[in-house]
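Asker: Numbering (this note's numbering), first residue to last: -3 to 212.
We put the beta carbon where it would ideally sit given N, CA and C, even for glycine.
Quick one: this structure, given as C-alpha cells, is what I'll be asking you about.
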C-alpha cells in the first residue's frame, strides 16, 4: 500500500490543494491521500487560525466523494505543537511499516525544511514528493540542504529522484499550478467578494453558514 500524507493548515482548503493531491496520486499510483490538518503549526504560532473543528469539517466536505482521499485528525489528538516527524512516525508505527509513505509538500516548504524538527531524520523516514511549479529548474538537492547531508543521496535516473541511505526517495514533480491561496480566500470573504470556483461549493457554503473569516 502506498499512501500520500498531505499536511497543512487548510484554512480553508481550496481547489489548488485538491488538484495537487489528485495529480500526485496519479503520478505515483498512490492508493490513498490522507489530508492532515495541523492543529498547532509551529511556524504559525502567532497567527490567528480558525478552530480545528471548522477546518476539519471543511476538509471532510472537500474530499467527500473521492474514494482515494481520506482525513486524519492525528495532529489534533496530540498535545503540543504539530510536528511532521511525529505524524510520519505515528503512521509507520500504527501500520507496522506495511505502508510506503510519500510525504507531500510544496517547493517553498521543502526549501525551508531545515527549520523543521529533526529534519534530517524525517528525510530518511519516508519518500518525499516535492511539488514544483511550471518553469522550475531542478538543480537537485545542492543549495537546499547541507552538502554533507546531500552526499548521502544518489540520483536514480530510472526513478528520476534522489535515493537516500535508507532507500527512500526525494522526488521533484511538476503539477498544475492553480494560483489560489487560503489567505486570499479569507481576504475576499472579509471584503465580501466572491470565492466561487476557488474552493469546492460545499466548503463555500460552510464558510458562509458559519460566518467564517468575517473579521481579522
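In the DSSP assignment, what residue or residues form a beta bridge with residue 210?
Answerer: Answer is none; residue 210 lacks a bridge partner.
Asker: Secondary structure at residue 112, three-state DSSP: helix, strand or coil?
Answerer: If DSSP states are grouped into helix, strand and coil, residue 112 belongs with coil.
Asker: Can you give me the start and stop residues for the beta strand (DSSP E) that residue 96 sits inside?
Answerer: Per DSSP, residue 96 belongs to the beta strand (DSSP E) from 96 to 102.
Asker: Excluding five sequence neighbours on each side, which residues of the same chain lie with their C-beta closer than 7 Å to the C-beta of residue 12?
Answerer: Within the same chain, residue 12 has close Cβ partners 174 and 176.
Asker: Check each candidate in 39, 163, -3 and 182 and name the one with the smallest Cα separation from residue 78.
Answerer: Considering only alpha carbons, the answer is 39.
Asker: Would you call the segment 21 to 28 and the segment 45 to 61 touching, i.e. three or more CB-CB distances under 8 Å?
Answerer: As far as the Cβ criterion goes, the segment 21 to 28 does not touch the segment 45 to 61, which means the pair count is below three.
Asker: With a threshold of 7 Å on Cβ separation, who are the neighbours of residue 14 within its own chain once the five nearest residues in sequence on each side are excluded?
Answerer: For residue 14, where only same-chain residues beyond five positions count, the Cβ hits under 7 Å are 58.
Asker: For the structure I just gave you, are there three or more beta carbon pairs, one from the segment 61 to 72 and one from the segment 127 to 136, closer than 8 Å?
Answerer: The segment 61 to 72, when compared against the segment 127 to 136, does not touch it at the 8 Å Cβ threshold.
Asker: Flag this pair as yes or no: are the beta carbons of residue 0 and residue 30 separated by less than 8 Å?
Answerer: Their beta carbons are under 8 Å apart, which means residue 0 touches residue 30 by this criterion.
Asker: May I ask which residues mark the beginning and end of the beta strand (DSSP E) holding residue 33?
Answerer: Element bounds for residue 33: 28 to 33.
Asker: Could you tell me if residue 163 is buried or exposed, where buried requires 16 or more neighbouring beta carbons within 10 angstroms of its beta carbon?
Answerer: Burial call: exposed.
Asker: What did DSSP end up calling residue 6 once you bin it into helix, strand or coil?
Answerer: Residue 6: coil per DSSP, three-state reduction.
Asker: Go through its chain and collect everything with a Cβ distance to residue 192's Cβ below 7 Å, but skip five positions before and after it.
Answerer: Closer than 7 Å at Cβ, skipping near neighbours: 200.
Asker: Would residue 127 and residue 100 qualify as a contact pair, given that the criterion is a beta-carbon distance under 8 Å?
Answerer: In contact: residue 127 and residue 100 (Cβ atoms closer than 8 Å).
Asker: Going by DSSP in three states, residue 73 sits in which element: helix, strand or coil?
Answerer: Residue state, collapsed to three classes: helix.
Asker: Can you name the residues that DSSP bridges to residue 167?
Answerer: Paired residues: 125.
Asker: Please say whether residue 8 and residue 140 have beta carbons closer to each other than 8 Å?
Answerer: No, Cβ-Cβ distance for residue 140 and residue 8 is not below 8 Å.
Asker: Name the DSSP beta bridge partners of residue 152, please?
Answerer: DSSP output for residue 152 lists 157 as bridge partner(s).
Asker: Please name the residue or residues paired with residue 195 in a DSSP beta bridge.
Answerer: In DSSP, residue 195 forms a bridge with 192.
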